[in-house]
Amino acid sequence: MFKPSIISVITNFIAFPVLAQSTATVFAPPTNIRNRPNGEIICTVNEKISLDVYQKEGQWYYTDYCGGGYIHQSQIRLQSASGSNNTTERARVVGLKQGQLALRDSPNGRSLAGLNNGNVVQILEQQGNWAYVQVINGPNSQVNGMQGWVNSYYLALF
């Protein structure tokens with residue numbers, strides 16, 4: 005029979021490197037928590053919630069939600085543990101069924117331009133469901149370089 009020892013506990017702890025904790029928001033439920041990246045589904049998140057994430061493996065973040073598992077980066081929006089909402093991650097505009105995603109001068113403000121599915125943006129700041137972005141490239145090249153606010157529901161990190 006296996007008896008846990010301090011050495012095995014320390015070894016197990018060291019084998020699991022915990023990076024700086026961040027808070028993430030699930031923005032496009034339902035989404036799955038898996039036992040490992042691309043692994044078996046251990047639970048499904050059916051609503052927009054905040055959860056803690058601890059490390060990144062490829063395109064997957066480890067979370068302690070559902071007892072511990074992995075969530076794909078395209079399903080969450082990160083906020084730093086310090087409470088700052090500044091970030092420099094890239095995202096792609098996705099999920100538009102028709103029309104364009106408005107690039108605005110402020111959250112809920114005046115529309116400056118429209119983005120299409122596939123436009124790539126750099127996320128510079130987040131406030132709730134809004135992201136302040138700079139357009140990098142994509143099918144609507146006239147907006148390249150522009151900055152403004154977009155509804156982050158339509159952004160997928162990569």
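With the first letter of the sequence shown counted as 1, position 43 gets the number 47 in our numbering; the numbers rise by one all the way through. Cβ atoms here follow ideal geometry from the backbone N, Cα and C, with glycine treated the same way.
Short Cβ contact (7 angstroms threshold) for residue i with residue j
{"i": "S26", "j": "V57", "result": "yes"}
{"i": "V147", "j": "N121", "result": "no"}
{"i": "L161", "j": "Q59", "result": "no"}
{"i": "V124", "j": "N144", "result": "no"}
{"i": "Y158", "j": "G72", "result": "no"}
{"i": "L82", "j": "A28", "result": "yes"}
{"i": "A117", "j": "L107", "result": "yes"}
Per-residue burial, residue i [other beta carbons within 10 Å of its own, 16 or more giving buried]
{"i": "I37", "result": "buried"}
{"i": "I45", "result": "exposed"}
{"i": "I127", "result": "buried"}
{"i": "G152", "result": "buried"}
{"i": "Q130", "result": "buried"}
Which listed residue (the options) has its alpha carbon closest to that of residue i
{"i": "S115", "options": "L105, L159, V124", "result": "L105"}
{"i": "Q3", "options": "L119, G152, N133", "result": "Past the boundaries of the shown model lies residue 3; the chain is included only from 5 to 162, so the question cannot be answered."}
{"i": "G132", "options": "Q63, I80, N39", "result": "I80"}
{"i": "D68", "options": "Q138, R40, V139, E93", "result": "R40"}
Check: residue i C-beta below 6 angstroms from any heavy atom of the ligand ATP
{"i": "I45", "result": "In terms of ligand content, the structure shown is empty, and the ligand ATP therefore cannot be addressed."}
Spatial distance of residue i from residue j (CA atoms)
{"i": "P34", "j": "Y74", "result": "14 angstroms"}
{"i": "K52", "j": "E61", "result": "23 angstroms"}
{"i": "Q1", "j": "L55", "result": "Since the first residue of the chain shown is 5 and the last is 162, residue 1 is not available in this structure."}
{"i": "V154", "j": "V30", "result": "17 angstroms"}
{"i": "D109", "j": "G43", "result": "41 angstroms"}
{"i": "W64", "j": "C47", "result": "15 angstroms"}
3-residue-minimum beta strand (DSSP E) runs that sit fully inside the region 56–111, ordered along the chain: Entirely contained in the region 56–111, the beta strand (DSSP E) runs reaching 3 residues are, in chain order, 64–67, 73–76, 80–83, 94–97, 105–108.
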